[in-house]
Amino acid sequence: MDKVVTSPAAAVAEISDGSSLAVGGFGLCGVPMELIEAVRESGRTDLRVVSNNCGVDDWGLGVLLAEGRITRMTSSYVGENKEFARQYLAGELEVELVPQGTLAERLRAGGCGIPAFYTPAGVGTQIADGGLPWRYGPDGSVEVASPPGEVREFGGREYVLAEAITTDFALVHAARGDRHGNLVFHSSARNFNPLAAMAGRITIAQVEEVTELSPDEIQLPGIFVDRIVPVGRPAKRIEKATTRPRPTGTSTGGSDGSDAFDAFDASGASVREVH
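Mapping the sequence shown onto the UniProt record's numbering, position 21 (from 1) lands on 21, and the numbers just tick up by one.
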């Protein structure tokens, strides 16, 4: 079965207003930016998104948020996106904050057909007790709060029930994929991408390269993927640049075998980039 689609726009054409989306990525790493841009250009709105975070103000999911296309986020982290925090606190955006490991397992459970599971994460907090603000009112009051969770004891320890997550669509990024939908991810860009792919009823993967894959290298089987979109090697943003003084002209390789180079400013400080 050939799952290759020629363009991001064609791949996301079925997404409609009000759709729920699971989106891969962690910070700015492994973000399916071409698919996100295609959703933005489609004009779809009232989207309910599940993703670890919401990009930054001008990149990743932040471009949808800035245009008011997202009405609800399920995330573990507000992070570097000031507009995300502003909309949440102003009551313009409903946000369900979930412990990061629990979010990952809720997505995996959804993909495996497991309806719910018990976890110790959040016991003794508003995650279990309820009352965590999901939506604020214009006056700062809590309009929508999380319900209390079901808590049970196993082996003398308390656990709270967490429900699985499934979504209408999933958008993910992979380094390589074959025409059957099998995927390979590059290093830490793997992050939430396989989990988001599992949770989507229709999963769309943008890949840097469509190629043949051997069974041993497949990291996500094509049974979870419905469409493959080749996008080449897209632009990759650095979320935070770390600088340190280096002698002008120094060039080194990464300790993990990756290619690395240093760009220098007038003071001799360098910004190290690894690919």
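The beta-carbon is built from N, C-alpha and C at its ideal position, and this holds for glycine as well.
Quick one, are the C-beta atoms of residue i and residue j less than 8 Å apart?
i    : j    : result
A145 : G130 : yes
C29  : A189 : yes
L21  : L171 : yes
G24  : F192 : yes
R157 : K3   : no
E94  : T71  : yes
E96  : T119 : no
G62  : G55  : yes
I204 : L35  : yes
L213 : R246 : no
Q206 : V184 : no
If contacts are defined as beta-carbon pairs under 8 Å, then residue i and residue j qualify, I think. What distance do you get, rounded to the angstrom?
i    : j    : result
L103 : S76  : 5 Å
E208 : V231 : 7 Å
V160 : E153 : About 11 Å; that fails the 8 Å criterion.
V39  : I15  : 6 Å
Is residue i helix, strand or coil when you go by DSSP?
i    : result
S16  : coil
S141 : coil
G124 : coil
P230 : strand
P115 : coil
E83  : helix
Q100 : helix
R106 : helix
Y88  : helix
With 8 Å as the threshold, decide whether the Cβ of residue i is near any Cβ in chain C.
i   : result
S16 : Of the protein chains in this structure there is only one, and it is not chain C.
Can you check which of these residues, the options, is closest to residue i by C-alpha distance?
i    : options                  : result
E41  : A11, A22 and E239        : A11
P215 : H180, D226 and V207      : H180
G79  : E94, A90 and N52         : N52
I202 : R157, D168, G124 and G27 : D168
K82  : R72, T71 and A66         : A66
G210 : P8, G110, P120 and A174  : A small fix is needed here, since residue 210 is Val in this sequence, not Gly. Per the Cα distances, A174.
R108 : T166, A9 and E143        : T166
A128 : E163, P148 and A164      : P148
G137 : T242, A235 and R86       : R86
>> Runs of 3 residues minimum, wholly inside the segment 36-75: which ones carry the beta strand (DSSP E) assignment?
In response: DSSP runs (the beta strand (DSSP E)) wholly in the segment 36-75: 47-50 and 70-75.
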